[in-house]
Amino acid sequence: MGGGELRRRELPPLLDDLKLRILRSSTLYPSEPTKRRLMFLSNIDQVLNFSVDTVHFFAAGEPEFGFEAVEEILRSAVERLLVAYDFLAGRLRVEEGRLVIDCNRAGVGFAVAESGLRIDELGELEYPNPIFRQLATAGSPEMEKGFGLKMDDHPLCSFQVTSFKCGGFAMGISNNHATFDGISFKAFLQNLAALAGGGNLATVPFTDRRLLSVRSPPRVTFPHPELVEASAALSSMLDPSPADLHFRLFRFSAADIAALKLLAHPHASRPTSFNVVVAHIWRCKSLCSTPAAEPEKTSTVLYAVDIRGRLRPPLPHEYAGNAVLTAYGEATAAELAAGPFWRLVEAVAKGAERMQDEYARSVIDWGSLHNGYPKGDIFVSSWWRLGFAGVEYPWGKPLYTCPVAHPRRDIVLLFPSIVGEDNAGVNALVALPREDLDRFGKLLYSLLPQCGSDA
C-alpha cells in the first residue's frame, strides 16, 4: 500500500462528553507494613516531575469478571502491589535541594466511575482524545480540589475504573513520571495482572536508584548539544503550546515502513522500523516549517534510549525507575531538504549508537552541574513497542492502551496501530499550526515511496 490510502483517512470528530459520573473514591494503602524511608531519585528522575496518564480499554468479559468483581480484584491487587512498590504510596519532598520520595504509606487514589456511553461510541480508540483524561483522573484529588495541593499532599499514583453501558470498562492510571519510565511501567502492569490473577509478582522490582548516582567528582567527558541550560532564556519542549495548534494522527502501515526501509537500503547500516519512521517524520517536519531554515542551519532530532543494558555493569532488568536518556541526531536544513534519505536514517541511528556507558554517565553528571533539559527541533516520544496492550489480565488483554494526548508543537508521539491483520503499523500524532500541519501531511505522503520503488 502506498501513501494514497493513508491520505484518504480523515480525523473523525472527537467526542467531548463522556457522560461520566464518579460513584466513589478512596485511598488505598499497602496491605502489609512497610518500612518508612527516603528514596533517592536520580538526576533522570529529577527532571520528570509531571504526571503521565494512561487508559486501558477492556471489552465485556466472562460473567465472573463483571464490573464489581473487577473493581474488587483491582483494589486488592493494588494494595498487595504497594508492598513491593512502597514508593508509589509515598510523597515527593525536597531534601538538600533535591527531590526524594518519602515512603510514608500515605497511599494512592482509587476511584470508581460509570459512563453513559458504550465503548463503540467513543470513536476510534487509536485517535488520542484529550477528554480520555477523565478516565484516569476524574476522581483524583487534584480534580476534586483543584490543582492547589502541596507536593507532600499529592499522590504519586492514582487508579480509576470506569464502566461502560456495553459491559466493557476502562482502567485509568495517573502516575508521576518520576516513578517509572515506560519499561518499568510495563513491568508494573505485568505485576498488577499477576496479583489480580491470584498469583505472585512476575518480577520483583529493583528500587535502589543510587545505581544512577552522579560520579564523585562529576565528569562531563563529552559535548552535549542535546542539552541546554534552563537559564538560556529558551522555552522548554514541555511548556504549554500555543492555542493555535491543531493535531492529527498519521498512520504508517507495515507496507509503508517496508518501503521506507527499501529507500534507505543498502547504504544505511541500521534501517530499523523506528529509525526510518523517525527520519521520515524529521524530514517532513523540517520542510513544512515556516519560515524556511537557512540551508546550513543544523536541525536536531531527539528520542529516548533505554540505558539498562548499555551501562557497565548493566542495570538490573527489574530496575523500577527512569533509565532512559535523550539521544540525538543532527543534519543541516539542506541535507533534510535534498540529501539522500539513508543519511538521515544513519543520523537517527547514531544517537542510540552514541549512548554507551561513558556517554550516559557524562549526561547524568552534566545534570549535577547544570540546571537544564533536552532541547531540539523535534522530540519523538515512542510508545510503539512498549507492549502495554499485550499484558494479560484475568479478564483478558486490553482492546487498546493509550496515553492521554497533550499535543506539543515540537513533540511527536508514536503509538502502536491496531489497524490491519498484523498490527505492525504505527501512528504518529503531530501538532502544528493548521497551515504547517497541512503541508506536513502532504509531504509525509508525497515523500513516502511506493513499495518496490527504486532506492
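With full-length UniProt numbering, you'll find the sequence shown wraps up at 455, consecutive numbering, no jumps. Glycine included, every Cβ here is placed at the ideal spot set by N, Cα and C.
Separation of residue j from residue i, as counted between CA atoms
i, j, result
"residue 212", "residue 227", "18 Å"
"residue 302", "residue 63", "47 Å"
"residue 438", "residue 256", "20 Å"
"residue 14", "residue 368", "43 Å"
"residue 364", "residue 328", "16 Å"
"residue 184", "residue 33", "24 Å"
"residue 335", "residue 163", "51 Å"
"residue 190", "residue 81", "11 Å"
"residue 370", "residue 126", "39 Å"
"residue 119", "residue 230", "43 Å"
"residue 42", "residue 167", "43 Å"
"residue 70", "residue 279", "43 Å"
"residue 77", "residue 196", "5 Å"
"residue 414", "residue 188", "21 Å"
"residue 259", "residue 339", "18 Å"
"residue 382", "residue 200", "30 Å"
"residue 373", "residue 47", "8 Å"
"residue 18", "residue 25", "18 Å"
"residue 380", "residue 390", "22 Å"
"residue 110", "residue 266", "53 Å"
"residue 430", "residue 444", "11 Å"
"residue 117", "residue 316", "43 Å"
Per-residue burial, residue i [other beta carbons within 10 Å of its own, 16 or more giving buried]
i, result
"residue 375", "buried"
"residue 261", "buried"
"residue 36", "exposed"
"residue 450", "exposed"
"residue 247", "buried"
"residue 51", "buried"
"residue 356", "exposed"
"residue 313", "exposed"
"residue 182", "buried"
"residue 217", "exposed"
Proximity winner among the options, relative to residue i (alpha-carbon distances)
i, options, result
"residue 74", "400, 112, 368 and 389", "112"
"residue 326", "245, 312, 288 and 225", "225"
"residue 418", "188, 252 and 372", "252"
"residue 348", "309, 382, 270 and 399", "270"
"residue 358", "214, 23, 273 and 31", "214"
"residue 435", "402, 92 and 285", "285"
"residue 407", "391, 204, 392 and 428", "428"
"residue 322", "26, 72 and 178", "178"
"residue 101", "152, 402 and 403", "152"
"residue 223", "337, 116, 165 and 366", "366"
"residue 171", "115, 277 and 198", "115"
"residue 254", "156, 343, 337 and 416", "416"
"residue 456", "395, 333 and 311", "No statement about residue 456 is possible, as the shown extent of the chain runs from 1 to 455 and does not include it."
"residue 264", "320, 343, 60 and 298", "343"
"residue 318", "206, 131, 161 and 154", "206"
"residue 67", "209, 131, 392 and 160", "160"
"residue 108", "174, 121 and 412", "174"
DSSP three-state assignment for residue i, whether helix, strand or coil
i, result
"residue 438", "helix"
"residue 277", "helix"
"residue 470", "Nothing can be reported for residue 470: it is not among the residues displayed for the chain, which extend from 1 to 455."
"residue 188", "helix"
"residue 306", "strand"
"residue 69", "helix"
"residue 78", "helix"
"residue 231", "helix"
"residue 324", "strand"
"residue 374", "strand"
"residue 428", "strand"
"residue 143", "Per-residue confidence for residue 143 stands at a pLDDT of 43, beneath the threshold of 50, marking its modelled position as unreliable; the derived number appears in the next sentence. It is helical."
"residue 131", "helix"
"residue 287", "helix"
"residue 216", "coil"
"residue 50", "coil"
"residue 87", "helix"
"residue 507", "Past the boundaries of the shown model lies residue 507; the chain is included only from 1 to 455, so the question cannot be answered."
"residue 449", "coil"
"residue 266", "coil"
"residue 63", "helix"
Residues bridged to residue i (per DSSP)
i, result
"residue 392", "Answer is none; residue 392 lacks a bridge partner."
"residue 101", "39 and 92"
"residue 402", "55"
"residue 109", "27 and 158"
"residue 379", "302 and 411"
"residue 329", "301"
"residue 171", "56 and 161"
"residue 248", "430"
"residue 114", "21 and 163"
"residue 225", "According to DSSP, which records beta bridges pairwise, residue 225 is partnered with nothing at all."
"residue 176", "51"
Residue i CB to nearest heavy atom of the ligand COA below 7 Å
i, result
"residue 17", "The ligand COA is not among the ligands present in this structure, which contains no ligands whatsoever."
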